[in-house]
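Trainee: The structure is given below, and queries will be raised subsequently.
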Amino acid sequence: MSILGIDVGGTTIKYAVCDREGHLSHKGKVKTPDHLEAFYDAITTIAHSCDDVAGIALSMPGAVASDEGVIYGASALPYIHGPNIKKDLENRLHTRVEIENDANCAALAEVWLGAAKETQDSCFIVCGTGVGGAVVKNRQIHKGKHLHGGEFGYMIADYDLEREDFTILSDTSTLHVCEKVAKELGVSPDTLDGKEIFDHLENPVYAKYVNAFYYRLAIAIYNLQYAYDPEMIVIGGGISARDDLEEQINKRLDTILKKVAIAKVRPVVRRCQYGNDANIIGAVYHYLSQKA
Numbered sequence: 001m002s003i004l005g006i007d008v009g010g011t012t013i014k015y016a017v018c019d020r021e022g023h024l025s026h027k028g029k030v031k032t033p034d035h036l037e038a039f040y041d042a043i044t045t046i047a048h049s050c051d052d053v054a055g056i057a058l059s060m061p062g063a064v065a066s067d068e069g070v071i072y073g074a075s076a077l078p079y080i081h082g083p084n085i086k087k088d089l090e091n092r093l094h095t096r097v098e099i100e101n102d103a104n105c106a107a108l109a110e111v112w113l114g115a116a117k118e119t120q121d122s123c124f125i126v127c128g129t130g131v132g133g134a135v136v137k138n139r140q141i142h143k144g145k146h147l148h149g150g151e152f153g154y155m156i157a158d159y160d161l162e163r164e165d166f167t168i169l170s171d172t173s174t175l176h177v178c179e180k181v182a183k184e185l186g187v188s189p190d191t192l193d194g195k196e197i198f199d200h201l202e203n204p205v206y207a208k209y210v211n212a213f214y215y216r217l218a219i220a221i222y223n224l225q226y227a228y229d230p231e232m233i234v235i236g237g238g239i240s241a242r243d244d245l246e247e248q249i250n251k252r253l254d255t256i257l258k259k260v261a262i263a264k265v266r267p268v269v270r271r272c273q274y275g276n277d278a279n280i281i282g283a284v285y286h287y288l289s290q291k292a
């Protein structure tokens, strides 16, 4: 049995047919429409282009109430918040549809077949233009009372006593590293490349903000370890493409654990394995794990 997996992003909708082993075929992408009716039309066109699929699994931004089929919260696509997308698409396409939050889908891909496949309890941090994530308990997503489980970007990462100013974890994303470097150098952020900044730490300005980025991420990982005690914390998003990611985080964890002598449990940190395909694969895993 194959499922059509669809990853809805702010600018692009990616899709592929996925089998029970996680193998993808018939990959494609289209521009994300700017209103609801066009969105439904785009999903319908995609579905009709993929034959012999048993159902449709969507990865969506926002606070997804999977059972209801409604997406709460906010995202770059305001029109998806409010309508019952699950029921609307099922009525149009006459097939079963399941939806789940995009960060949760990325985590589920790693739980199903990736870095966390041997674990029961894990956390997943998505670190790109912002910071999100997921909490996994007994290989299932824990959403919390307000569907905000795993919203690690809201965590306070730093506090400036003199200015009485908080920094949340989302403010220490790779995008913000570029913005901070650009401000200090007096240039436009558009002239800077994030990969170049992380690659060239001999530049003291680059090094200052990259070091702060890794320390804040390591502090968040340390706190998650002692708040939830997962077997593994998996890092996804654009930063996970870096071969030195685990090394950089572990160096900062070394410093933290030396300072906090009472802490004896060391977080196990891994990069995600599925990259750009994670949301599709995880959406399909969510589909397969739900009762029809």
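Going by UniProt numbering, the sequence shown opens with residue 1, and the numbers climb by one from there. Don't be surprised by glycine CBs; every beta carbon is placed ideally from N, CA and C.
Can you give, in chain order, each stretch of the beta strand (DSSP E) that sits fully within the region 187-264 and has at least 3 residues?
Mentor: For the region 187-264, whole beta strand (DSSP E) runs of length 3 or above, ordered along the chain, are 232-236.
Trainee: Would you please state the rounded distance, in angstroms, between the beta carbons of D160 and D7? I believe it to be under 8 Å.
Mentor: With a Cβ gap of about 37 Å, D160 and D7 do not count as contacting.
Trainee: Can you look up A38 in the DSSP assignment and give me helix, strand or coil?
Mentor: A38: helix per DSSP, three-state reduction.
Trainee: Just tell me which of S59, E98, G282, S75 has its CA closest to the CA of K291.
Mentor: When only C-alpha atoms are compared, the closest one is E98.
Trainee: Is the CB-CB distance between P230 and C123 below 9 Å?
Mentor: Yes, Cβ-Cβ distance for P230 and C123 is below 9 Å.
Trainee: If you follow the alpha helix (DSSP H) that V177 is part of, which residue opens it and which one closes it?
Mentor: From DSSP, the alpha helix (DSSP H) with V177 extends over 174-185.
Trainee: Taking one C-beta from the region 272-292 and one from the region 57-71 each time, how about it: are there three or more such pairs within less than 8 Å?
Mentor: The region 272-292, when compared against the region 57-71, does touch it at the 8 Å Cβ threshold.
Trainee: Indicate whether I221 and V187 have their beta-carbon atoms separated by less than 9 Å.
Mentor: No, Cβ-Cβ distance for I221 and V187 is not below 9 Å.
Trainee: Thinking just about the alpha-carbon of each residue, which of N279, L288, Y287, V126 is nearest to the one in G9?
Mentor: Nearest option by C-alpha distance: N279.
Trainee: Confirm, please, whether the CB-CB distance from G153 to T174 is below 9 Å.
Mentor: Their beta carbons are not under 9 Å apart, which means T174 does not touch G153 by this criterion.
Trainee: Could you tell me which whole alpha helix (DSSP H) segments of length 4 or greater appear in the region 52-106?
Mentor: The region 52-106 contains these whole alpha helix (DSSP H) runs: 85-93.
Trainee: Just how far apart, CA to CA, sit G130 and G69?
Mentor: Each residue's Cα considered, the two are about 25 Å apart.
Trainee: Compare the Cα-Cα distances from Q120 to each of L113, E110, A107, R139 and report the closest residue.
Mentor: Closest by alpha carbon: R139.
Trainee: How close, in whole Å, do the beta carbons of R252 and Y215 come, if the pair is a contact with beta carbons under 8 Å?
Mentor: About 5 Å; that satisfies the 8 Å criterion.
Trainee: What residue does the beta strand (DSSP E) around V135 start on, and which one ends it?
Mentor: From DSSP, the beta strand (DSSP E) with V135 extends over 131-137.
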